[in-house]
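Throughout the sequence shown, residue numbering follows our numbering, covering 1283 to 1643 in sequence. Backbone N, C-alpha and C define an ideal beta-carbon position, used for all residues, glycine too. Here the structure is laid out as structure tokens; the discussion comes afterwards.
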Amino acid sequence: MTPTYDKVHNRFKFNGLHFSHEELKEVAYSLIKEGKAYEKVTGDFLIDWLNKDDFLIVTTSGSTGYPKEIKLKKQAMVNSAIATGNFFGLEPGDKALHCLPSHFIAGKMMFVRALVLGLEIDFVEPAAHPVFDYEVPYDFCAMIPLQLKYSIDQIHNIKNIIVGGSKVTKPLLEKIKNCKPKFFETYGMTETVTHVAVRSLESKSGKKEPYFTALQNIKFKQDDRNCLVIHAPKLVKETLVTNDIVDLKSETSFQLLGRYDNVVNSGGVKLFPEQIEDKLQPVISKRFIVAGEEDVTLGEKLILIVENPSDSIAVIQKRIEELKTLDKFEVPKKIYTIDKFPETNNGKIQRKKTLKAVVGS
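Take a look at the structure:
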């Protein structure tokens, strides 16, 4: 029998204590009235989840456009929680660490998973460096890459860690190779009720997987742009067409190549900024992006934008020229600097605003 959104699992615990449906409402009111800012947001979410409506209004991150409010069915969120639980083998009574803000879908879904699957969830302040009991064994945790970066020495007792929200950098990937937990990069969005696919990353307990694998009841195909099309009837009624260009291995697995709206067409050669950025990671220490600038001869020329660089443009250029992994078309024709990248509310770089700020187009 499929769980429903109006029930609280009898094994659910919040910071070590069990609460019924009505008791959890009192906890939510207390968080709103007396809690810190991040706890008030959590209280608001719990009140919305526990009311009689069959939907939630959720705000998207705005990473690929302006943030917007969308309506999600609570039962779709339950279905997503079940799919995640099945994929990671989560059982009632398992322990989860929750260190994400409750503003966005990822933080909300950590609570939904606990409520639906009967997890014992420990909720801590969603800081860049989360503070938790490092000696407590946890079965499951979700982090953004920034949190993982600062917590890398304290995560030895967490069994499974999913990482999403922004790109996992190569330096961070190198660090987790020597860590005990199993790490998984996630693919998804607010519209799909967080992740619909995951891929394992290399660590002491896990092998690297280049392809994302679908969660249960989810199928993939491509449109005529080679962009991913998601069929997830238990999460969203309509087929969802993305702007993510993929190499489709099967109807349940794909490799992510880059965003269609980020592709640079330079002299007829299509360049994927995300792939070039991967290759540039070893030689640039600060945050950066690759983009296209209008060019009379090429149509678009490839440019590099670095945030508050510690090295001169000449030094960066020399390092890039010495890279053996770059094709000749992948070498940026010009390097710009910017004091601070425009960001979304959850810290993602806004590429279009950055490009406009730097080259005025």
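So L1382 and G1389 are in contact, right, with Cβ under 8 Å, and what is the actual spacing, rounded?
4 Å
Thinking just about the alpha-carbon of each residue, which of G1488, Q1537 and K1615 is nearest to the one in C1509?
Q1537
If I'm right that T1521 touches V1511 with Cβ under 8 Å, what's the distance once you round it to whole angstroms?
6 Å
Which full runs of the beta strand (DSSP E) of 3+ residues lie inside the segment 1474 to 1510, going along the chain?
1476 to 1483, 1494 to 1496 and 1501 to 1504
A1363 in three-state terms, based on DSSP:
helix
Endpoints, the alpha helix (DSSP H) within which V1597 is located:
I1595 to E1604
In DSSP terms, what Y1469 is bridged to
A1479
Let me make sure I understand the geometry here. Which of K1516, V1528, Q1563 and I1500 has the alpha-carbon closest to that of T1534?
I1500
Which one of D1529, E1305 and K1318 has the shortest CA to CA distance from R1409?
The sequence shown places Ala at residue 1409, not Arg. If we check each option's Cα against that of A1409, K1318 comes out closest.
To the nearest angstrom, how far is it from the Cα of S1433 to the Cα of G1549?
44 Å
Are G1446 and E1467 close, meaning C-beta to C-beta below 8 Å?
yes
Start and end residues, alpha helix (DSSP H) containing E1556
P1555 to L1562
Span of the alpha helix (DSSP H), counted from its first residue to its last, around R1569:
Per DSSP, R1569 belongs to no alpha helix (DSSP H) and is neither H nor E.
Given a threshold of 16 other Cβ atoms within 10 Å of its Cβ, counted over all protein chains shown, does S1384 qualify as buried or as exposed?
buried
Residues that DSSP places opposite C1461 in a beta bridge
None, per the DSSP bridge assignment.
Name the one or two DSSP bridge partners that V1588 has.
F1570 and T1619
Between which two residues does the alpha helix (DSSP H) holding Y1420 run?
Looking at the DSSP string, Y1420 is not in any alpha helix (DSSP H); the run it does join, the beta strand (DSSP E), is Y1420 to M1425.
Among K1635, I1566 and Y1311, which residue has its Cα nearest to the Cα of K1452?
I1566
Extent of the continuous alpha helix (DSSP H) to which H1380 belongs:
H1380 -> not in any alpha helix (DSSP H); beta strand (DSSP E) instead, spanning K1377 to H1380.
When the distance is taken between beta carbons, is I1571 closer than 8 Å to I1631?
yes
May I have the straight-line CA-CA distance separating V1406 from V1413, to the nearest angstrom?
7 Å
Does DSSP put I1631 in a helix, a strand or coil?
strand
Start and end residues, alpha helix (DSSP H) containing V1653:
With the chain represented from 1283 up to 1643, any question about residue 1653 goes unanswered, as that position is not in the structure.
Can you tell me where the alpha helix (DSSP H) holding E1321 begins and where it ends?
A1319 to L1332
Using only the alpha-carbon positions, how far apart do D1506 and K1531 sit?
16 Å
Using 8 Å as the threshold, is the C-beta distance between V1475 and Y1469 below it?
no
Pick helix, strand or coil for F1337, following the three-state DSSP scheme.
strand
Can you tell me whether Y1311 is buried or exposed? The criterion is at least 16 other CB atoms within 10 Å of its CB, across all chains shown.
exposed
Cβ shell of V1323 (< 8 Å), same chain only, five flanking positions each side left out
P1383, S1384 and H1385
Quick check: the Cα distance between V1546 and L1428, rounded to an integer number of angstroms?
28 Å
From the DSSP output, in three-state form, read off E1612 for me.
helix
Does the beta-carbon distance from K1616 to E1589 come in below 8 Å?
no
Burial state of L1562 (16 or more Cβ within 10 Å)
buried
Just how far apart, CA to CA, sit D1288 and K1490?
38 Å
Inter-stretch contact (C-beta, 8 Å, three-pair minimum) for the segment 1296 to 1312 and the segment 1359 to 1367:
no
Using the Cα positions of V1641 and N1544, report the straight-line distance between them to the nearest angstrom.
16 Å
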